[in-house]
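Written below as structure tokens is the structure these notes are about.
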Amino acid sequence: MEAINNLISQGAVQDVLFWVFAALTLICAILVIANPFSRSPVTSAMFLVLTIISMAGLFVLLHAFFLAAVQILVYAGAVMVLFLFVIMLLDLKEEQRRKIKLFGLVTGLIAVGGIVSVFLKALASAGNGTDAPKLEGETYALGKLLFTQYTLPFEIVSVLLLVAMVGVILLSKRKLE
Amino acid sequence: MNASLISLEISVIGLGLVLMLADLFMPAERRKFLGYAAIAALGVLLLASFAGCGSCSLTGTAFHGAFVNDGLSLFFKRLFIIAAILVLFVAVEFSDRLTAISEYYSLIVFALAGMLFAASANDFAMLFVSIELITITFYVLVSFQRNKLASLEAGVKYLILGALSSAFMIFGIALIWGTTGQLNFTELAAVASQFADSKIFLLGVLLVLVGLGFKIAAFPFQIWAPDVYQGAPTPTTAFLAIGSKAAGFVLLMRFLFSAIPSITHSHALSTMLIIVSGITILYGNLCALPQRNLKRLLAYSSISHAGYLLLGVAALNANGQAAILYYLAGYLFTVLAAFLVIALVLRQLETEDVSGLAGLNQRSPLLAATLTIAMVSLAGIPPLAGFFGKFLLLKSVVEAAQTTGNPGYYCLLFTALVGVVISLYYYFNVVRAIYWSKEPKDVSPIEMSGAAKLTAWLCIAGIFALGLFPNAVLNFALLAVGGLK
Amino acid sequence: MSILTQIAGWPLLAALALVVVPRNYRVVIRAIAVLATFISTVLAVKMFVGYGCAVPDAEGFRFVQQIPWVESLGISYHVGVDGLNVGLVLMGAIVAFAAALCSWEIKTREKEFYILLLVMSGGILGAFASLDLFFFYFLHELALVPTFIMIGVWGRGERKNYATFQITLYLSIGALIALLGLIALYVQSGANTFDIPKLVEHLKSNPLETNAQNFIFPLLLFGFGILVSLWPFHSWAPLGYGVAPSPTAMLHAGVLKKFGLYGLIRVALPLLPEAAQTWANVIAWLCVGNILYVGWVAMRQKDLNLLIGNSSVAHMGFIFLGIASLNLIGITGAVLIMVAHGFLAALTFALNGYIYQQTGTLKMSELGGLCRKLPFIGTALLMAAMAGCGLPGFANFVGEATVFFGAWTVFPTVTVIALWGALVIGGVYMTRAIRNALHGPLPEKWSALVDASSAWRKLPYALLLLCLLVFGFVPKLLTEKINPDAGKIVTVVAAAAPAEHALVQVDVPTARAQSSEIEQ
Amino acid sequence: MQVGLHHYLTVSILLFSLGLLGVIMRRNLLVIYMSLELMLNAANLALVSFSRFNDKLDGQVLVFFIITVAAAEVAVGLALIVALYRKRQSAHVEDLTSMKL
Amino acid sequence: MKHELFPWLILFLPLISVAVITLFTLRSKMVSSLISIGAVSASFILTVLFIAANGFHPEVPGDVLNWNWLSIDQLNVDFGLKVDALSLMMTLVVTGVGGLIHIYSYGYMHDDRSLSRFFAKLSLFTFSMLGIVLANNFLMMFIFWELVGISSYLLIGFWFEKPSAGDAAKKAFITNRLGDFGFLFGILMVWGLLHSLNFSELQSGVAAGTVTLGASATIAGLLIFCGAMGKSAQFPLHVWLPDAMEGPTPVSALIHAATMVAAGVYMLCRSLFLFDHGALQVIAYIGGFTSLLAALMAMQQNDIKRIIAYSTLSQLGYMVMVVGLNGPTPAMFHLTTHAFFKALLFLSAGSVIMGMHHEQDIWQMGNLRKKMPITFWTFLIGSLALCGVPPFSGFYSKDSILAQAIDQHNYLLFGIATFVAALTTFYTFRLFFVVFLGKEKSKAAAHAHESPFVMTGPLMVLAVFSVIGGFIGITNNFESQFAHEHESLTMMQQLLEPFHKPIPMCLGLGAVAIGFFAAMSIYKDAETDPLPARLGGLSKAMANRFYFDELYEATVIRLHDFIAAVFDWIDRWILEGGCIGLIRGGTDFTGRALRLMQTGNLQTYAFLFVLGVAVLLYFVL
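Residue numbers (my numbering), protein chains in the order written: chain A, 11 to 187; chain B, 59 to 543; chain C, -15 to 504; chain D, 149 to 249; chain E, 27 to 647.
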């Protein structure tokens, strides 16, 4: 028990958990975009849910508990349900395996690879990045910040949601007058 | 906290809500006239802003520095309001092709609110949310003609690419904030120079520029513009061409010259700006050359104009920034004049081919003159607004060339000239189509409502005024960019 | 209001007035256009005659008017004339009047045509009268754009589109390069003013660095050069004039084209004197291309308009040569030719237009013997052709001879080549043209041609011929005015002469003496 | 090895690039849209980890905004896709090429 | 000085008549011709009055009524007249002979519908010619020089509907222009070195040694001579003169015999002070060669006017030669007498042509002595004068030329000149025999008729001067101009002047005799020309003018045309087609190619977007 506590305090468990969640996130993400077994959007959506949940795990590891909750509630809960609804609504058949254009694939990989390599190089050049984590995710502090310094963006987002709402109604109503 | 600074924005949002509510109480056939109410309200706001009454034209910062009201934001806010007014005029003319017209008006007003916030945004959170407000509103506005496949297709294209650019931008913001720990532009400016060597920071800057480049349709992020311009309802296209672009520019200028001026003036970034500007000009003009679809032509021309505007950014001096402002003001009237004509003329036509303009000078001399003046101004010919704007932009680049001695500026100047020459060709093709087509199919006169006539005259007056009496606007623009570095 | 504002303003006002005239009131439209240009002409003559009596301002300009326009950039509406442009304004007004008179040959969309013609005339006159770099350019552009439209719409022949394309391309590029040069000049001077006299004063005391001068000068040289069809950027000119409706060709070839040359003299030389010294050689040798090369090309032409167009390009060479000589005689000569060639080009294109209007062709193989059926037009064309190959009695000769004398001291070789071009090559192609078009037997099909019969029809040609003769007989009318002001420019240029340009320096004391004499 | 900022960022970058790959490789609009969500999430992850290691909360506020905006965007986007599907009976990008050149 | 306005009136009266005719009286042939004739006659009378009042040496030798025409820096050009013996004599010739030709023209051209135009041009020519004569500086002279060129062009091409006339006019103009090129070149050179154009200033300067042409003197001289070469049709620019006979005959008489072609000689005499020994040598040899060449060509021509034209060439060669031998007086003397007799010959030929109803081939004529007695006599007088038979005027002037050659010890040129004298007699009498004697060779000849008095009158006047021109004091005036010391000779002394130098006289007369007898033996009764059979190829070469036209055609003209073609090609295909076409095509192509990016496919768009980001990142980082 003490050993476990030790491990926890030294962060070993977190480290292990990090690796687990990170691997889970990435693997699920890969399965979202390229599932060798199914090309159905439903599968993609399901794996996206998994990705999001594992990310929530990462958030927890980063002590962002509130955001982890939001992540699961909003993303995995609301957004993904929306996705699934739409998929079902559209009654999408499994996507036909159209011929993958090799040229497109290769150039796409090169482009993305290029971007990733630039990102990673930039990251590598930025020192070792082994500072100890400091911040404790306090929901209270977060809320205070949100409603003091960031009131205005917050309000704008509310307008944005209104607009989105109107937009969705306009776009999906069967008949408009 | 100086919350009264945002009274203009609040009024605009309120207006949007009122419009939406009024819809409920208006009979369907009268709803189109809600547009005039919106115009009137915006007109009042504009006057208030000019008259300085209330707190519409106060300067200062609010919300912990996230919101700033200065000359620059004031200039752009007025520009946006004028744009919205004119777009609303066009929208009223276009109303017979739109269902749910009052929602359309209110969405325009909400987009305007987003733009107003963008004009005042002074931190990344504001930048992000205001851009998103504009963008998401535009998703809806673009795909508003639900019964038209092109409109929906344009909407989807704008949606996917817009989201993609948002993703890049937000990642960039994350990196910038991660390295510097600052979200506020003013505070960032104080520390930015320390991070000049940080690759992550530079990466973040570039990714933010990707997002902004998308908004202004600069190469290589211009790819969406033609399809979206073509598919969207004409008033939306007009608002995209001026409002969205101008919002992109005000944010770009804030970001480059207020948040990270020390980085902007570095060699790598300034060279990039030069190259992007040059290629954008060339790309837009070259692609427009064989184009026959009028809206698509204007899309390409809009890309090239983004390039010209970037000249002022690339020049990295106050005159260049002022020139951008001036140019946008001229561009506002010009583009709206063009889209007004398109909205009115191509009403019956399925295609938007240039040939649809045949015989326009007989069908409606005023519209013919309006479009001609718009094209001539876009081509940059005196005595219209476009000429003086281009003159100012070129002048600023020459200044930059002579103060820095960077040979890239000379190449850029040359490129800009080549672009202008190419553009003459397709603009005059349009003019030729108006006056000198072989046999016009349709010679029925075009009825213009009084409001449409008023709009046309307003645009013409604006184009001429900016070309002939540039003094006041130019001084204002110079004053407005005083805070930028 | 200065008389210059009126001269340029009447056509523009008339253009505005025409907008509201219904298009089927053809006589009214035509009358307004003719009347407006006529008023301009009368005013211009009045100004020319009253030039000597008018009181010059501190910088030596007369009939000055200045209204600030954009203070922050130092742009103001500033018009005025001195010896260099007084002749050009007069010439421009007369040619505009003649062009308006000749426009009867336009039968379609007359309203638009006259509006464009008037805008063009007003723009040209304004550009020449302008003493502010910005307006100078601005008004030129204002005149240039109608040219494109007129050629594109009312042009003739199957190469119309191509020619319009080419002329638009070339002239816009030229104008833009020149604009770049002007902006660079403005920026580099640091005087924060577009006012030419002020810039001259400013740069006299703080001349630009040699590097800057040597960078800006070519911009102006080639920008303006393209506008003037400097070899090898000339190919637009014959082609464009070949298809242009004759009033447009008259105004463009006659007047608007001189803008570039005037710009070089007015702006490039006094403001960039050192670079002018350096680049004079280049100009001199490029003008060989104009005179010799284009002259030879003209010899091959089968179409009368193309031939005249090429000869017009060749004539530009003499003006460039005069400018390149950088001495009082040469520059005076250059200005003289500018005025003379304005009348001449207008005359030839007007006559070609008449013939084309009558015959529907200008292919010399199809013409012939026209002197018989068209004695007036034929004689006028013959005289114009002769003026074109430098016959004394016409103003062109005076200018060309003066240029030769001026250039001889500086560029003897080029002068000899130019002599050859003027006397021999010019003679060859002009006599060929006369032989093929006017002499020889009259083909059957032209037996129904009608000569210009009424006084109205004859007036433009007679007027232009008269001007050519007057200035040919009494060149002093112009030279007396040009001399002092050209002297100022020469003095400025010579003062900046590097030591190795000894040849140019020879003229310095005399030029100074001349100008001081006149000042007394 | 202690797990630090770089590890999180690496994950974030990889996630971002996977999203990117999805956007340019997949042809189903919905899947493309999901890939975009992946990219946004990558940004969120970066922000949260920066927030943790820089000892500043602003990043988390930003994440909050991003999630909200993303939700709104998804709503509008899906509505749009649905509308399009009704019109075109397809959610496939290759069927959306009525406007080109 | 008295009558100082006279020279101005003399000069401008013809111009005024041009203006009046073109502006007002084109419709009326009668009025126009009267105005023109009146103007030139008035000029003549004024000249005579002026001379009567002031003598040949006005007290002020300088320039009359100088009006500053152009003054820029060191370029000062006055419109001023130089009135001295040289110019006054020349004015007399121009207005006198010219007046007679004007009158003659009225008869000759009576039926032409463009008579007014003809007289206008004739007056214009007179004005220009007087301008050359009276000009007091080089540029003025050049101006009138050019004007003479253009009026000659107009007159040669008077019957412009005839293609040959148009071509001849063109040729004359361009050939003259070649000479003018050299002339102006030379003027520039002189001005560049001496900074003056005024004859008096230059002459006094050169004489005083204050200014000098230095090393460039020969070149400058020769360049100025180029002008004379063109106007006076000296080899190698002689080709235009024979073709110029396409013009009406009075024109040939006026321009191509009496006045215009003499302008070159006059100009040489006027600017003689500029020439150094080297230049003069060249001039002399060119003159000599021209006279020989032209005489040879004349031998085998069959066109009556062309024969006279070649003889003109030959005589001009004489004059130029003797100027080159530093003998301006003999040159001007010959010029004057030549003006009389050559105008006489041309006008007589014109009378013949008119009598023959515009037939010009001498082998279609014959036995005209009976039909046209007056013309016969005047032509005979002209021929004798031309050949230099004493006491006709030509004898004296030709003799003075031969004597000058001897004086200068240039025996080669003397030999040539003597030989040419023989040739001259030969071809002159060939012409005379074939045309006026023998049998009628065609019906036209049988029906020929004498011309009206308006034509024969001037013939008779000219005939008188051709006879007496040698001893009425013409040389005196020129002597006084050119020689520093001279004595005025009485008429008797003048009559006997040649006998002071018997060698040239005897040799000259011998040559004439040989030529005459040769012509008589061959052509007395010839029906066709027997000479081609005897001379073979040489005859053909002579008849074809030694193929100079063909040579020029093959070289100069071809070369110009070739260069023009090349440049035209470059202009059309490289500058216009190549550069512009390439730019245009390239732009258009690039536009179309770039547009292909817009596939409409969202996936491509996304890919391009990402690619753009990648490139951007790589570029900056």
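C-beta atoms are modelled at their ideal positions from N, C-alpha and C, and glycine is treated no differently.
{"Check": "Listed from N- to C-terminal order along the chain, which residues in the stretch -13 to 11 of chain C have their beta-carbon within a distance smaller than 9 Å of any beta-carbon of chain F?", "Outcome": "The question asks about chain F, but that chain is absent: this structure's protein chains are A, B, C, D and E."}
{"Check": "Decide yes or no for the touch test of the stretch 289 to 305 of chain E against the stretch 379 to 396 of chain E: beta carbon pairs closer than 8 Å, at least 3 of them.", "Outcome": "no"}
{"Check": "Given this structure, state the Cα-to-Cα distance separating Y277 (chain C) from F588 (chain E), to the nearest angstrom.", "Outcome": "12 Å"}
{"Check": "Who are the neighbours of L92 (chain B) on chain E, taking C-beta pairs under 9 Å?", "Outcome": "Here the premise fails: no neighbours, minimum Cβ distance about 35 Å."}
{"Check": "Can you find a C-beta in chain A that's less than 8 Å from the C-beta of M182 (chain D)?", "Outcome": "yes"}
{"Check": "Residues of chain B with CB closer than 7 Å to the CB of R236 (chain D), please, in chain order.", "Outcome": "L207"}
{"Check": "Apart from the five residues just before and just after F201 (chain C), which ones in its own chain have a Cβ nearer than 7 Å to its Cβ?", "Outcome": "A252, L256, A259, A260, W263"}
{"Check": "Using the beta-carbon of each residue, which ones in chain A are nearer than 7 Å to A640 (chain E)?", "Outcome": "A121, G124, I125"}
{"Check": "Can you have a look at K273 (chain B) and say buried or exposed, based on whether 16 or more other CB atoms are within 10 angstroms of its CB?", "Outcome": "buried"}
{"Check": "Could you tell me whether the stretch 494 to 508 of chain B touches the stretch 361 to 369 of chain B, where touching means 3 or more Cβ pairs closer than 8 Å?", "Outcome": "no"}
{"Check": "In chain A, which residues lie with their C-beta within 8 Å of the C-beta of Y644 (chain E)?", "Outcome": "G124, V128"}
{"Check": "By the DSSP assignment, the beta strand (DSSP E) with R49 (chain A) in it spans what residues?", "Outcome": "Here R49 (chain A) belongs to no beta strand (DSSP E), and DSSP marks it neither H nor E."}
{"Check": "Should A357 (chain B) and V148 (chain B) be called a contact, given that it needs their Cβ atoms to be closer than 8 Å?", "Outcome": "no"}
{"Check": "Indicate the three-state DSSP secondary structure (helix, strand or coil) for I139 (chain B) in the structure shown.", "Outcome": "helix"}
{"Check": "Ignoring anything shorter than 4 residues or poking outside the stretch 114 to 170 of chain E, list the alpha helix (DSSP H) runs there in chain order.", "Outcome": "141 to 160"}
{"Check": "Roughly how many whole angstroms lie between the Cα atoms of C355 (chain C) and P465 (chain B)?", "Outcome": "60 Å"}
{"Check": "Kindly provide the ranges of any alpha helix (DSSP H) runs that are 4 or more residues long and lie completely inside the stretch 372 to 457 of chain C, ordered along the chain.", "Outcome": "379 to 392, 396 to 403, 410 to 417, 439 to 457"}
{"Check": "Mind listing which residues of the stretch 200 to 216 of chain D have their C-beta closer than 8 Å to chain A's C-betas, in chain order?", "Outcome": "R200, F201, N202, D203, K204, L205, D206, Q208, V209, V211, F212, F213, I215, T216"}
{"Check": "Is it the case that the Cβ atoms of I36 (chain E) and L60 (chain E) are separated by a distance below 8 Å?", "Outcome": "no"}
{"Check": "If you run the structure through DSSP and keep just helix, strand and coil, what is C111 (chain B)?", "Outcome": "The predicted model places C111 (chain B) with a pLDDT of 48, which falls under 50 and marks its position as unreliable; any figure quoted below should be read in that light. In this structure, C111 (chain B) counts as coil in the three-state DSSP scheme."}
{"Check": "Would you decide whether Q252 (chain B) is buried or exposed? Buried here means 16 or more other CB atoms lie within 10 Å of its CB.", "Outcome": "exposed"}
{"Check": "Tell me whether the stretch 236 to 248 of chain C and the stretch 201 to 211 of chain C touch, counting them as touching only if at least three CB pairs, one residue from each stretch, are closer than 8 Å.", "Outcome": "yes"}
{"Check": "Looking at L309 (chain B): is its Cβ nearer than 8 Å to the Cβ of A225 (chain B)?", "Outcome": "no"}
{"Check": "Write down the C-beta distance between L49 (chain E) and F388 (chain C) rounded to the nearest angstrom, noting that I regard them as a contact closer than 8 Å.", "Outcome": "About 33 Å separates the two Cβ atoms, so there is no contact after all."}
{"Check": "Going by DSSP, what residue range makes up the beta strand (DSSP E) through Q50 (chain C)?", "Outcome": "46 to 54"}
{"Check": "Can you list, in chain order, the residues of its chain whose CB lies under 6 Å from that of A391 (chain C), leaving out five sequence neighbours each side?", "Outcome": "L305, S309, G314, T399"}
{"Check": "Just checking: is the beta-carbon of T316 (chain E) within a distance shorter than 8 Å of some beta-carbon in chain B?", "Outcome": "no"}
{"Check": "Could you pull out every residue in the same chain whose Cβ sits closer than 6 Å to the Cβ of A406 (chain C), ignoring the five residues on either side in sequence?", "Outcome": "G374, E384"}
{"Check": "I'd like to know whether the C-beta atoms of F213 (chain D) and A183 (chain B) end up nearer to each other than 8 Å.", "Outcome": "yes"}
{"Check": "In the DSSP assignment, what residue or residues form a beta bridge with L101 (chain E)?", "Outcome": "E:I98"}
{"Check": "Less than 6 Å between C-beta atoms, sequence neighbours within five positions excluded: which residues of the same chain meet that for L561 (chain E)?", "Outcome": "none"}
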